[in-house]
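S.K.: Have a look at this one.
Number of protein chains: 2
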Amino acid sequence: MVTPAFLAALRASLGDTPVLVGADERAAYAHDALGVGPLPDVVVRPAHTADVAAVARLCHEHGVPLIVRGAGTGYTGGAVATRGGVVLAMDRLNRIIEIDDVNLLAVVEPNVITADLQRAVEARGLFYPPDPASLEQSSLGGNVAECAGGPRAFKYGVTRRYVLGLEAVLPTGEIVRTGSKAVKNVVGYDLTQLLVGSEGTLAIVTRITLRLIPRPATSITLLATFATIDAAVDAVTALIRHRLVPAAIELVDGESLRAVARHVGQALVPEGCDAALLLEVDGSAAAAAEDAVSAAAACAEAGALSVDRAATEEERQRLWTVRRQLSPALKGPGIAKVNHDVVVPRGRIPQLFAELERLRQRHGLRIAAFGHAGDGNIHVNLLVDERDEAAVARAHVAERELFERVVALEGSISGEHGIGFAKAPYLGIELSPDEIALMQRVKQAFDPKGILNPGKIFPEPTPPARS
Amino acid sequence: MVTPAFLAALRASLGDTPVLVGADERAAYAHDALGVGPLPDVVVRPAHTADVAAVARLCHEHGVPLIVRGAGTGYTGGAVATRGGVVLAMDRLNRIIEIDDVNLLAVVEPNVITADLQRAVEARGLFYPPDPASLEQSSLGGNVAECAGGPRAFKYGVTRRYVLGLEAVLPTGEIVRTGSKAVKNVVGYDLTQLLVGSEGTLAIVTRITLRLIPRPATSITLLATFATIDAAVDAVTALIRHRLVPAAIELVDGESLRAVARHVGQALVPEGCDAALLLEVDGSAAAAAEDAVSAAAACAEAGALSVDRAATEEERQRLWTVRRQLSPALKGPGIAKVNHDVVVPRGRIPQLFAELERLRQRHGLRIAAFGHAGDGNIHVNLLVDERDEAAVARAHVAERELFERVVALEGSISGEHGIGFAKAPYLGIELSPDEIALMQRVKQAFDPKGILNPGKIFPEPTPPARS
Numbered sequence: 050m051v052t053p054a055f056l057a058a059l060r061a062s063l064g065d066t067p068v069l070v071g072a073d074e075r076a077a078y079a080h081d082a083l084g085v086g087p088l089p090d091v092v093v094r095p096a097h098t099a100d101v102a103a104v105a106r107l108c109h110e111h112g113v114p115l116i117v118r119g120a121g122t123g124y125t126g127g128a129v130a131t132r133g134g135v136v137l138a139m140d141r142l143n144r145i146i147e148i149d150d151v152n153l154l155a156v157v158e159p160n161v162i163t164a165d166l167q168r169a170v171e172a173r174g175l176f177y178p179p180d181p182a183s184l185e186q187s188s189l190g191g192n193v194a195e196c197a198g199g200p201r202a203f204k205y206g207v208t209r210r211y212v213l214g215l216e217a218v219l220p221t222g223e224i225v226r227t228g229s230k231a232v233k234n235v236v237g238y239d240l241t242q243l244l245v246g247s248e249g250t251l252a253i254v255t256r257i258t259l260r261l262i263p264r265p266a267t268s269i270t271l272l273a274t275f276a277t278i279d280a281a282v283d284a285v286t287a288l289i290r291h292r293l294v295p296a297a298i299e300l301v302d303g304e305s306l307r308a309v310a311r312h313v314g315q316a317l318v319p320e321g322c323d324a325a326l327l328l329e330v331d332g333s334a335a336a337a338a339e340d341a342v343s344a345a346a347a348c349a350e351a352g353a354l355s356v357d358r359a360a361t362e363e364e365r366q367r368l369w370t371v372r373r374q375l376s377p378a379l380k381g382p383g384i385a386k387v388n389h390d391v392v393v394p395r396g397r398i399p400q401l402f403a404e405l406e407r408l409r410q411r412h413g414l415r416i417a418a419f420g421h422a423g424d425g426n427i428h429v430n431l432l433v434d435e436r437d438e439a440a441v442a443r444a445h446v447a448e449r450e451l452f453e454r455v456v457a458l459e460g461s462i463s464g465e466h467g468i469g470f471a472k473a474p475y476l477g478i479e480l481s482p483d484e485i486a487l488m489q490r491v492k493q494a495f496d497p498k499g500i501l502n503p504g505k506i507f508p509e510p511t512p513p514a515r516s
Numbered sequence: 050m051v052t053p054a055f056l057a058a059l060r061a062s063l064g065d066t067p068v069l070v071g072a073d074e075r076a077a078y079a080h081d082a083l084g085v086g087p088l089p090d091v092v093v094r095p096a097h098t099a100d101v102a103a104v105a106r107l108c109h110e111h112g113v114p115l116i117v118r119g120a121g122t123g124y125t126g127g128a129v130a131t132r133g134g135v136v137l138a139m140d141r142l143n144r145i146i147e148i149d150d151v152n153l154l155a156v157v158e159p160n161v162i163t164a165d166l167q168r169a170v171e172a173r174g175l176f177y178p179p180d181p182a183s184l185e186q187s188s189l190g191g192n193v194a195e196c197a198g199g200p201r202a203f204k205y206g207v208t209r210r211y212v213l214g215l216e217a218v219l220p221t222g223e224i225v226r227t228g229s230k231a232v233k234n235v236v237g238y239d240l241t242q243l244l245v246g247s248e249g250t251l252a253i254v255t256r257i258t259l260r261l262i263p264r265p266a267t268s269i270t271l272l273a274t275f276a277t278i279d280a281a282v283d284a285v286t287a288l289i290r291h292r293l294v295p296a297a298i299e300l301v302d303g304e305s306l307r308a309v310a311r312h313v314g315q316a317l318v319p320e321g322c323d324a325a326l327l328l329e330v331d332g333s334a335a336a337a338a339e340d341a342v343s344a345a346a347a348c349a350e351a352g353a354l355s356v357d358r359a360a361t362e363e364e365r366q367r368l369w370t371v372r373r374q375l376s377p378a379l380k381g382p383g384i385a386k387v388n389h390d391v392v393v394p395r396g397r398i399p400q401l402f403a404e405l406e407r408l409r410q411r412h413g414l415r416i417a418a419f420g421h422a423g424d425g426n427i428h429v430n431l432l433v434d435e436r437d438e439a440a441v442a443r444a445h446v447a448e449r450e451l452f453e454r455v456v457a458l459e460g461s462i463s464g465e466h467g468i469g470f471a472k473a474p475y476l477g478i479e480l481s482p483d484e485i486a487l488m489q490r491v492k493q494a495f496d497p498k499g500i501l502n503p504g505k506i507f508p509e510p511t512p513p514a515r516s
């Protein structure tokens with residue numbers, strides 16, 4: 050589909066903007082964090098919205114797939130050119146255009162790194178809460194495309210709560226603006242919220258207006274350990290019953306705790322501990338102190354083995370080790386980690402962990418689970434030796450059973466990572482044929498030829514090849 | 050379009066469900082709070098989702114307009130049958146199905162009255178924040194259709210923040226479910242958020258899953274008065290600079306204050322006062338007390354003439370009088386009140402009030418303005434003698450100038466009330482032709498024959514007749 054005529058037209062319309070076709074250059078844009086994907090045919094690095102519009106118009110005209118790529122930290126292959134075509138690498142659109150501390154908003158280009166914006170606004174006493182684990186690498190445009198969450202989502206909500214407006218290029222080349230700088234807007238359909246979480250399949254975001262909030266004055270971290278997952282979940286229920294709203298309630302299971310201990314070379318939790326809760330309470334100094342006491346009491350009430358409270362920033366960092374070292378601890382040579390971010394109503398977390406135990410037993414699998422207990426959003430990692438084909442096959446069976454159980458618990462197969470191509474075969478577990486057909490009609494309203502990020506979200510017959 | 054054959058088919062498919070065609074019965078469903086609209090041809094009062102689906106299928110098949118009506122408290126004619134057809138009166142779908150205080154959510158049918166849900170959840174220590182002025186009459190389904198706000202939106206956000214999932218009937222008759230009981234969900238497009246604020250033009254909501262939060266322990270109300278609007282807005286800016294987040298920051302202008310004083314028969318604010326701020330701070334007892342002191346200091350710093358703090362519930366109700374009595378105070382025999390809920394970035398409220406002064410001078414109009422200053426969302430009321438045709442015409446010119454100025458200030462022509470048919474002629478002031486065309490394609494994805502709430506949101510050639 051990428052013909053010499055198409056390439057010539059692309060180069061002619063883009064002037065100085067790089068159009069890369071070398072194998073090495075294309076290889077650099079073949080994968081995201083999932084690690085699977087074929088080479089794109091072409092990579093374009095636009096410098097302006099006008100470049101993006103020119104590329105979209107040409108791809109639409111020639112029927113060439115167009116895939117938008119931010120920082121490539123996604124877990125579901127959303128930024129990968131599964132059907133070849135043009136990858137639009139947004140890395141040059143990386144300016145913070147405005148931080149407005151009267152109207153509490155920021156205007157950014159899509160490839161500003163999440164943590165860079167956070168540091169810039171925190172220096173002015175403001176706060177941009179969404180904190181996906183990849184925040185030092187992930188781009189805000191990617192966060193918008195996936196509707197990224199993170200630990201603080203329990204109190205502060207996910208990315209969509211902070212997106213006031215977008216500038217975006219339609220796959221047919223028109224530039225549209227959605228929302229505004231006003232915090233309320235009910236003029237026509239809320240296309241801003243429709244684009245958030247649409248995984249780069251509806252439009253190409255070129256500018257983002259984000260709502261900010263005042264930075265909390267104080268934050269206190271607690272680590273509570275428990276003999277069982279059920280006891281830890283009881284503590285979460287007790288917190289809710291006490292009407293506490295911690296900024297973060299992170300749950301880590303025994304398998305994960307042991308992996309981190311091996312990885313850092315020291316025990317981090319007491320003997321007999323099979324679950325930990327990492328809690329962060331924030332607000333004014335008085336409010337945070339009050340909440341920390343109540344949170345510790347709720348954990349004790351649920352039978353905590355230990356409750357540690359960080360008195361210094363150094364201690365705070367030490368307590369967060371059990372959570373922050375999880376991702377590297379679960380990686381290993383030859384270990385295929387299948388990472389799913391399922392979500393259930395939080396009171397059903399015990400049923401979810403009971404299902405994980407059943408899957409461990411039935412399929413002989415190592416499963417490590419941790420995540421955002423306040424939101425019922427648990428990262429389930431199936432850990433298998435990638436050379437063991439039988440184990441890989443059993444993991445795939447377990448995966449489908451997990452998704453079916455989560456939907457039966459009135460939850461969802463993805464809370465943060467999106468569908469991409471990796472979860473597309475499972476979409477029908479959660480959505481009915483009528484619901485999928487409706488979403489496909491919405492897709493057509495934006496992208497009549499289906500050129501933008503094809504093969505994502507919706508099931509398709511053939512899986513992509515490994516490059 | 051409503052033929053005897055259609056009516057017969059409707060009756061046959063609905064069994065005991067009332068199908069009303071009497072003139073009096075239809076007249077009861079002709080208006081909303083805007084007070085303008087023709088009679089529908091038929092009124093159906095469904096008892097179940099299956100009834101709704103049956104009506105939708107028949108209307109789709111016969112090409113009959115279908116209009117969903119909640120409590121009829123809307124200000125833009127969204128529930129009015131401007132092209133005749135069937136009004137679906139949702140008043141029998143009024144059950145609170147579930148309040149779940151472990152998962153902090155409620156499941157309701159669409160015609161539960163907003164305040165009834167609030168009382169039910171507050172009795173259990175929970176909180177449903179959205180508080181439109183009509184909350185004692187408005188239905189949650191209507192709140193979802195319009196994305197209702199209210200004073201507490203500054204701290205707690207508007208209705209969309211609380212909608213986790215919906216059951217809805219498509220205009221073609223299929224029943225779909227969007228979202229889930231999980232607080233995070235990124236599976237496919239966020240149709241939940243697309244339906245919120247879609248003014249009953251995309252689907253018919255039959256069940257709503259709402260997120261709840263813990264009820265704040267304490268709430269403190271303050272009333273500050275100022276010599277000028279600019280001084281009051283300076284106080285708002287000072288609050289923001291002090292990083293305070295009151296639950297409500299309501300601004301009332303001099304014209305409005307004088308109208309309330311006439312209406313209740315006593316002066317409520319000091320001599321020389323031309324603006325007032327009604328502030329509510331909430332949280333734990335310690336946090337609220339701390340914030341009340343800071344808020345009072347910020348008002349004093351901005352030159353407040355007076356700052357009163359309610360010590361008792363009775364005093365609190367007295368302070369709220371200036372805000373709560375506004376709507377009745379601005380009504381009067383023969384007075385046509387054109388009420389617009391424009392919104393600007395909050396730092397630009399002074400420019401908005403400067404524009405109102407210009408409009409008063411240029412067009413010889415009485416204009417009373419008040420609203421949610423924290424959100425920059427100001428209710429602008431053009432008050433004209435309805436028999437004075439020249440004044441009514443001048444008000445219409447002023448209306449358009451107001452909308453143009455608001456958009457130039459990077460705001461929006463509606464923050465809470467929606468577009469309906471009343472603001473449809475002005476849509477093009479805020480949205481480009483490409484943006485309107487895109488929204489119309491989204492509409493077609495849901496409603497290929499355009500039967501659901503036709504003539505709303507999008508401009509059409511002929512305005513509806515007065516019934």
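Chains L and P, in that order, are what the protein sequence lines are. My numbering puts the first residue of the first sequence at 50, with every later residue one more than the last. My numbering puts the first residue of the second sequence at 50, with every later residue one more than the last. C-beta atoms are modelled at their ideal positions from N, C-alpha and C, and glycine is treated no differently.
At the 7 Å Cβ level, is residue 242 of chain L part of the contact set with chain P, yes or no?
M.R.: Taking Cβ atoms only, chain P reaches closer than 7 Å to residue 242 of chain L, which makes this a yes.
S.K.: Taking 7 Å as the CB-CB cut-off, is residue 478 of chain L touching chain P?
M.R.: It does not; no Cβ of chain P falls within 7 Å.
S.K.: Looking at chain P, is there any beta carbon in it that lies within less than 7 Å of the beta carbon of residue 459 of chain L?
M.R.: For residue 459 of chain L, the answer is yes, since a Cβ of chain P falls inside 7 Å of its Cβ.
S.K.: Assign residue 114 of chain P to one of two classes, buried (16 or more other C-beta atoms within 10 Å of its C-beta) or exposed (fewer than that).
M.R.: The residue in question, residue 114 of chain P, is buried, as its Cβ has 16 or more Cβ neighbours within 10 Å.
S.K.: Which residues share a DSSP beta bridge with residue 147 of chain L?
M.R.: Answer by DSSP bridge pairing, in chain order: L/156.
S.K.: Using the Cβ count rule (16 or more neighbours within 10 Å means buried), how would you classify residue 380 of chain L?
M.R.: The residue is exposed, with fewer than 16 neighbouring Cβ atoms inside 10 Å.
S.K.: Can you name the start and end residues of the alpha helix (DSSP H) that residue 253 of chain L belongs to?
M.R.: First-last for residue 253 of chain L: 253-260, but that is the beta strand (DSSP E), not the alpha helix (DSSP H).
S.K.: Pull up the distance between the alpha-carbon of residue 499 of chain P and that of residue 244 of chain L, whole angstroms please.
M.R.: Between residue 499 of chain P and residue 244 of chain L, the C-alpha separation is close to 23 Å.
S.K.: In terms of residues, what are the limits of the alpha helix (DSSP H) holding residue 204 of chain L?
M.R.: Start and end: 202-205.
S.K.: If we call anything under 7 Å between Cβ atoms a contact, is residue 441 of chain P one with residue 433 of chain P?
M.R.: In this structure, residue 433 of chain P lies closer than 7 Å to residue 441 of chain P by Cβ.
S.K.: With distances taken between CB atoms, is the gap from residue 177 of chain L to residue 261 of chain L smaller than 7 Å?
M.R.: Taking 7 Å as the Cβ cut-off, residue 177 of chain L and residue 261 of chain L qualify as a contacting pair.
S.K.: Looking at chain L, which residues of the stretch 409-425 of chain P have a Cβ within less than 9 Å of any of its Cβ atoms?
M.R.: The residues in question are 421, 423, 424, 425.
S.K.: Would you list the one or two residues that DSSP bridges to residue 104 of chain P?
M.R.: DSSP, once it has assigned bridges, lists no residue as partnering residue 104 of chain P.
S.K.: Please compile the residues from chain P whose C-beta is within a distance smaller than 7 Å of the C-beta of residue 333 of chain L.
M.R.: Those are 336, 339, listed as they occur along chain P.
S.K.: Compute the Euclidean distance between the alpha carbons of residue 443 of chain P and residue 503 of chain P, then round it to the nearest angstrom.
M.R.: Going by the C-alpha atoms only, they are around 29 Å apart.
S.K.: Mind listing, in chain order, the continuous beta strand (DSSP E) runs of no fewer than 3 residues lying wholly within the stretch 198-244 of chain P?
M.R.: For the stretch 198-244 of chain P, whole beta strand (DSSP E) runs of length 3 or above, ordered along the chain, are 212-218, 224-228.
S.K.: Could you name the residues of chain P that residue 289 of chain L contacts, counting a contact when the two beta carbons are closer than 9 Å?
M.R.: Per Cβ cutoff of 9 Å: 150, 151, 152, 153, 263.
S.K.: Could you spell out the range, first to last residue, of the beta strand (DSSP E) harbouring residue 185 of chain P?
M.R.: Here residue 185 of chain P belongs to no beta strand (DSSP E), and DSSP marks it neither H nor E.
S.K.: Indicate the three-state DSSP secondary structure (helix, strand or coil) for residue 318 of chain L in the structure shown.
M.R.: Reduced to three states, the DSSP call for residue 318 of chain L is coil.
S.K.: Using C-beta distances below 7 Å, list every residue in its chain close to residue 376 of chain P, excluding the 5 sequence neighbours before and after it, in chain order.
M.R.: Same-chain partners within the cutoff: 182.
S.K.: Decide if the stretch 233-252 of chain L is in contact with the stretch 327-346 of chain L; the criterion is three or more beta carbon pairs, one per stretch, under 8 Å apart.
M.R.: At 8 Å Cβ cutoff, the stretches do not touch.
S.K.: Output yes if chain P places a C-beta closer than 7 Å to the C-beta of residue 50 of chain L; else output no.
M.R.: No, residue 50 of chain L lies away from the interface with chain P (no Cβ there is under 7 Å from its Cβ).
S.K.: Contact between the stretch 100-119 of chain L and the stretch 190-197 of chain L is defined here as three or more beta-carbon pairs at a separation below 8 Å; is this criterion met?
M.R.: The stretch 100-119 of chain L, when compared against the stretch 190-197 of chain L, does touch it at the 8 Å Cβ threshold.
S.K.: Which two residues bound the contiguous alpha helix (DSSP H) that contains residue 449 of chain L?
M.R.: It spans 438-457 - the alpha helix (DSSP H) in which residue 449 of chain L sits, taken as one unbroken run.
S.K.: Residue range of the beta strand (DSSP E) that residue 133 of chain L falls in?
M.R.: Note, residue 133 of chain L: premise wrong, no beta strand (DSSP E); not H, not E.
S.K.: Starting from residue 492 of chain L, trace the alpha helix (DSSP H) both ways and give me its first and last residue.
M.R.: Element bounds for residue 492 of chain L: 482-495.
S.K.: Less than 7 Å between the C-beta atoms of residue 305 of chain P and residue 419 of chain P, yes or no?
M.R.: Yes, these two residues count as a Cβ contact at 7 Å.
S.K.: As a quick exercise: from P/414, P/460, P/226, pick the residue whose alpha carbon is nearest that of residue 445 of chain P.
M.R.: When only C-alpha atoms are compared, the closest one is P/414.
S.K.: Given that residue 501 of chain L touches chain P, what residues does it touch there, using C-beta distances under 8 Å?
M.R.: Within chain P, no residue comes near residue 501 of chain L; the closest Cβ sits about 13 Å away, beyond 8 Å.
S.K.: Cα separation between residue 159 of chain L and residue 169 of chain L?
M.R.: Near 16 Å, if we compare the C-alpha coordinates of residue 169 of chain L and residue 159 of chain L.
S.K.: Hey, would you say residue 351 of chain L sits closer than 7 Å to residue 259 of chain L, going by beta carbons?
M.R.: In this structure, residue 259 of chain L does not lie closer than 7 Å to residue 351 of chain L by Cβ.
S.K.: Would you kindly check if the distance between the Cβ of residue 325 of chain L and the Cβ of residue 274 of chain L is under 7 Å?
M.R.: Yes, Cβ-Cβ distance for residue 274 of chain L and residue 325 of chain L is below 7 Å.
S.K.: Taking the beta carbon of residue 477 of chain L as the centre, do at least 16 other beta carbons fall within 10 Å, making it buried, or is it exposed?
M.R.: Classification of residue 477 of chain L: exposed, given that the 10 Å Cβ count is below 16.
S.K.: Under a CB-based cut-off of 7 Å, is residue 196 of chain P close to chain L?
M.R.: Yes, its Cβ sits closer than 7 Å to a Cβ of chain L.
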